Amino acid sequence: MMRTLARRMASEQVWDQSAYSQEGLWPALGLKGRVGSRVSLRVLSYACFCNTKWFFRHLLNEPTWRHHRPVSVHTNYHPEKQQRMQAIFNHYHVAEGKGDWAALRRWSGTEGSRRACGGGGGGGFRGGREQLLPDEMVELSSRGAWLFHNLPPRTPAQLLAAPDAAGRAGAFAAVRFLPGGGVAVGSVEEEPRALAAAPAGVRARGGAPLVHGGSWSVEGQALRLRLGEEDYTAFRRGRALICARCSDGVEVRARHNLPPPSPHTRTR
């Protein structure tokens, strides 16, 4: 394996980590001329040998993982590598797993730290913001709903008390921004695109969405949104809205998928 990698590094324009993965996985793919190094692979538990993407996006937001202690955490996904590594080390080693959980959860699942809505939104808002135009939000909503993925309307205690995975599944909602600052929230079944994208737990639960009604307004580049009883601050990137829940900084994403063009407008 190492001899093969040394040869490829000297003769090919390939990233060393990509070549390493290719040599291990090519035999399973059966690609012509791609035999790989035929080494044995063993897949480890992602919850025990995790990276910081999974750690900060999932472990910290799932109550059942609260007392889980990973074997190792590869700190390489986020730009604040040293700071996040120090926070993880302090919690599991300095404090023997009894450290301040909030000190870990202050970090966003994307970039930076979670912030209150009054401070400009949650993590992940450092770049790529686009101008939010109220008329455009309404016009896009008239052509199709914004699909909000994994809305977390329940408290950690309610999540922990949920009897199964279906009960813990986040809510998908089809949201349309109405003139005058109103919001129409539809169920997954009412939007075929949302139904196709929803996980099994959401489809199994069905019925009306767990959030109802709301309001919205645009302040500069920020969208102030209220869905149900929760307030969010959001910024736009292309057809995506990146939101932070004001109460705890949990990130929620929404995407606008335009309806397919009619047969009369399709190019031949």
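In case it helps, my numbering puts the sequence shown at residues 984 to 1251.
Backbone N, C-alpha and C fix where the C-beta goes; we use that ideal spot for every residue, glycine too.
This one's a predicted model, so the numbers in the text were calculated from it and none came from an experiment.
How would you call residue i, buried or exposed, if buried means at least 16 neighbouring beta carbons within 10 angstroms?
{"i": "residue 1225", "result": "buried"}
{"i": "residue 1084", "result": "exposed"}
{"i": "residue 1053", "result": "buried"}
{"i": "residue 1059", "result": "exposed"}
{"i": "residue 1014", "result": "exposed"}
{"i": "residue 1077", "result": "exposed"}
{"i": "residue 1035", "result": "buried"}
{"i": "residue 1208", "result": "buried"}
{"i": "residue 1108", "result": "Note that residue 1108 scores a pLDDT of 48, beneath 50, so its modelled location is shaky and nothing firm can be said."}
{"i": "residue 1050", "result": "exposed"}
{"i": "residue 1092", "result": "buried"}
Can you give me the Cβ contacts of residue i inside the same chain, cut-off strictly under 7 Å, excluding the 5 residues immediately before and after it?
{"i": "residue 991", "result": "997 and 1002"}
{"i": "residue 1017", "result": "1009"}
{"i": "residue 984", "result": "1006, 1020 and 1022"}
{"i": "residue 1115", "result": "1201, 1204, 1206 and 1219"}
{"i": "residue 1164", "result": "1198, 1199 and 1200"}
{"i": "residue 1264", "result": "One cannot answer for residue 1264 here, as it falls past the ends of the chain, which runs 984 to 1251."}
For residue i, which residues from the same chain have a beta carbon less than 6 Å from its beta carbon, with the 5 sequence-adjacent residues on both sides left out?
{"i": "residue 1055", "result": "1032"}
{"i": "residue 1228", "result": "1213 and 1215"}
{"i": "residue 1129", "result": "1158, 1237 and 1239"}
{"i": "residue 1042", "result": "1048"}
{"i": "residue 1071", "result": "1056"}
Residue range of the beta strand (DSSP E) that residue i falls in?
{"i": "residue 1201", "result": "1197-1202"}
{"i": "residue 1237", "result": "1234-1239"}
{"i": "residue 1208", "result": "1205-1210"}
Report all residues from its chain with a CB closer than 8 Å to the CB of residue i; omit the five preceding and five following residues, and keep chain order.
{"i": "residue 1029", "result": "1037"}
{"i": "residue 1161", "result": "1121, 1124 and 1167"}
{"i": "residue 999", "result": "988 and 992"}
Got a sec, what are the start and stop residues for the alpha helix (DSSP H) residue i sits in?
{"i": "residue 1123", "result": "1117-1126"}
{"i": "residue 1087", "result": "1084-1088"}
| request: May I have a chain-ordered list of the alpha helix (DSSP H) segments no shorter than 4 residues that lie completely inside the stretch 987-1057? | output: The stretch 987-1057 contains these whole alpha helix (DSSP H) runs: 999-1012 and 1035-1040.
| message | Three Cβ pairs or more, each shorter than 8 Å: is that satisfied between the stretch 1080-1094 and the stretch 1116-1128? | response | Contact check between the stretch 1080-1094 and the stretch 1116-1128: fewer than three CB pairs, one atom from each, fall below 8 Å, which does not count as touching.
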